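Each number in my numbering corresponds to the 1-based position in the sequence shown with 874 added.
Ideal Cβ placement from N, Cα and C applies to all residues, glycine included.
These figures come from a predicted structure and were not determined experimentally.
See structure below.
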Amino acid sequence: ENHKVPVIIGSNANEGGWFYATGSPYPVDIAGTSPAFSQYLPVNTSENYEGFVRQLFGSDADKVLSFYPADTPIKSGESMMTDSFYTVTADVIAEAMANRGE
């Protein structure tokens with residue numbers, strides 16, 4: 875049984891910045907398990923960032939790069955991490971809570 879209580883949920887604007895500040899290009903150790911990714915490390919130049927995105931997202935890479943452009947690799951990488959792992963999660967939880975039928 876769950877108690878019906880109000881919920882506040884969200885994320886900070888730059889949650890993904892921590893991964894770059896600590897030297898991690900991605901929260902999951904994808905790069906360490908695949909030579910295809912490690913060739914783009916560190917992901918701190920436009921060329922490396924774009925290569926990493928293209929390797930990770932394949933045919934969807936152009937769409938991803940339209941939202942997170944390679945001309946600002948660190949800012950775009952931080953934003954992509956924030957949205958992928960924090961903003962989307964907060965949105966999914968908020969939607970689930972809103973659809974509880976209470």
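Under 8 Å between C-beta atoms of residue i and residue j
i	j	result
residue 912	residue 961	no
residue 933	residue 890	no
residue 920	residue 887	no
residue 881	residue 971	yes
residue 950	residue 923	yes
Local conformation of residue i per DSSP, three classes
i	result
residue 878	coil
residue 913	coil
residue 948	helix
residue 967	helix
residue 974	coil
residue 922	helix
residue 885	coil
residue 890	coil
residue 942	coil
Whole-angstrom C-beta distance between residue j and residue i, which should lie under 8 Å
i	j	result
residue 914	residue 925	4 Å
Residue of the options minimising C-alpha distance to residue i
i	options	result
residue 883	963, 973 and 922	963
residue 916	947, 931 and 939	947
residue 894	918, 875, 931 and 965	918
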